[in-house]
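Data first, discussion second: the structure below is written as structure tokens.
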Amino acid sequence: MSHVFHRHLSHAYPTAVGGDGAYLIDAEGRRYLDACGGAAVSCLGHSDAEVIEAVREQVGQLAYAHSAFFTTEPMEALADFLIERAPEGLSSVYFVSGGSEAVEAALKLARQYVIERGEPERRHLIARRQSYHGNTLGALATGGNAWRRRQFEPLLVEVSHVSPCYAYRGQAEGETPEAYGERLARELEDEIQRLGSETVMAFVAEPVVGATLGAVPAVPGYFRRVREICDRHGILLILDEVMCGMGRTGSLFAAEQEGVAPDLVTIAKGLGAGYQPIGATLVSERIRSAIAEGSGFFQHGHTYIGHATACAAALAAQRAIESRDLLPRVRQLGDGLQRRLEARFGDHPRVGDIRGRGLFRGLELVADRETRAPFDPERQLHAAIKRTAMDHGLMCYPMGGTLDGRRGDHILLAPPFILEDGQLDEIVDKLDATLRSVLGPC
Ligand code: PMP
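In our numbering, the protein residues as written are 12 to 453.
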């Protein structure tokens, strides 16, 4: 028996022993095309020689130095790299080990900022339903994923949730995307007014919703309206780009495509491309200087802040993406993937929507295309799809519907940026075979 406390205690997992570009290899020698990058992590595949060499070199020189005593060259260089390319107004980077930690840091930075400004009554957070911001308690409280929250309620941090920007299910018939975005912005403003705008600290959202909805971008103009509302009421805008950032949607930051300047941005996953665990919170100059000129000390911290080897891996990964000009390739491959998915599944009676940006794509599965009725979540379709896809040598990231029926099952695709065109066909063929096995011939 395994002594590892696996998340699914009764599952027998294959043992991954190696990687070869876009493929993972198990102990039996089976190859799996990694069409989801694990969870949108492995953007350079699994055997990138440059990143591996950078890790090797850094471990040989200095593996780790505690950030309470030292800064390090890779940490400084990575912060410079990110800020030189970040949306306007962001001026410093707080390094952590993953996405949930990045969100926790963003929440605490927001809280310390309003306190240092003499607005301690600003303690409310607003986020969106059907969102995911991490599994630690503050991040879990922020997210609006009922399935993940349910067992732990009441959660420590009180958060109000407004509707996500989810056109497939939220946009009314005859309503334009602009009018839909405007309606959602008004809902946010109503919630701010209901809470008392002087008590609201921040609004948190993923620019492209990943794990909970399956690659759902906002309608045009939505985030600009959100930014205006936040500004009008002195509320911070926190964008969670843990999944959709670092080139995944075709621009380094997803916020660039929305034309907004956030106050805090969280990143992780693709930052280290899976070669090392690392996350970060990018901080606006307004917040940095308020804390610098106030107490001068951020009351937070973890042992592995700015881990030298993790920073070296992330720097090598990000430099590789830039020097190999992979972002235009992400956009091109993403369009190619969308076209192939539409050609293969566009008329599929169980595929309701195919969406996304760049190499971040989602298929929503429905029991009935006309009514958009989701499958019964008790059917655990996502588990069957994941298992069957692996039998077909494919890794994809399916998620289940919710018991309240406000969304369906979906399959998230987030393959590596180094994919070859033929591998797009391989993904679609293997997905087709998987859906035929699970749903029957259509
Ligand atoms: N935010 C978002 C948007 C995420 O997708 C995730 C992970 N799926 C997290 C936060 C949490 O990241 P981690 O699992 O690295 O803690």
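Just so you know, even glycine gets a beta-carbon here, dropped at the ideal spot from N, CA and C. Computed from a predicted structure; not experimentally measured.
Contact check for residue 295 against residue 275 passes: the beta carbons are separated by less than 8 Å. Look at residue 17: its beta carbon is at least 7 Å from all of the heavy atoms in the ligand PMP. Distances from the CB of residue 49 to the heavy atoms of the ligand PMP are all 7 Å or more. For residue 409, the enclosing beta strand (DSSP E) covers residues 408-410. According to DSSP, residue pairing for residue 432 in a beta bridge does not occur.
Membership of residue 86 in the alpha helix (DSSP H) is indicated by the continuous run 84-96. Around the beta carbon of residue 12, a 10 Å sphere encloses fewer than 16 other beta carbons of the protein chains shown; the residue is thus reported as exposed.
Residue side-chain check: residue 144 places its Cβ nearer than 7 Å to a non-hydrogen atom of the ligand PMP.
Fully contained in the region 320-348 is no alpha helix (DSSP H) run of length 4 or more. Nearest neighbour of residue 386 by Cα position, chosen from 84, 418 and 398, turns out to be 418. Per DSSP, the beta-bridge partners of residue 105 are 292. Fewer than three beta-carbon pairs drawn from the region 254-262 and the region 230-244 are found closer than 8 Å, and the two stretches are therefore not classed as touching. Contiguous beta strand (DSSP E) elements confined to the region 13-88 occur at 27-31, 34-37 and 42-45, taking only those with 3 or more residues. Within the same chain, Cβ atoms closer than 7 Å to the Cβ of residue 328 are found at 55, 62, 283, 284 and 286, the five residues on either side in sequence being excluded. The residue from 305, 254, 128 and 277 with its alpha-carbon nearest to that of residue 47 is 254. One alpha carbon belongs to residue 447, the other to residue 24, and they sit about 23 Å apart. At the C-beta level, residue 113 and residue 245 stay beyond 8 Å of one another. Scanning the region 158-241 from its first residue to its last, the whole beta strand (DSSP E) runs of 3-plus residues come out as 170-173 and 211-216.
With fewer than 16 neighbouring CB atoms inside 10 Å of its own CB, residue 205 falls in the exposed class. A direct Cα-to-Cα measurement between residue 166 and residue 152 gives close to 6 Å. By the Cβ-count criterion, residue 251 is buried, with 16 or more other Cβ atoms from all chains shown falling within 10 Å of its own Cβ. Here residue 365 is actually not in contact with residue 371; their C-beta atoms are around 12 Å apart, not less than 8 Å.
Two segments are said to touch when three or more pairs of C-beta atoms, one from each, lie closer than 8 Å; by this definition the region 313-328 touches the region 67-79. It is roughly 11 Å from the alpha-carbon of residue 192 to the alpha-carbon of residue 199.
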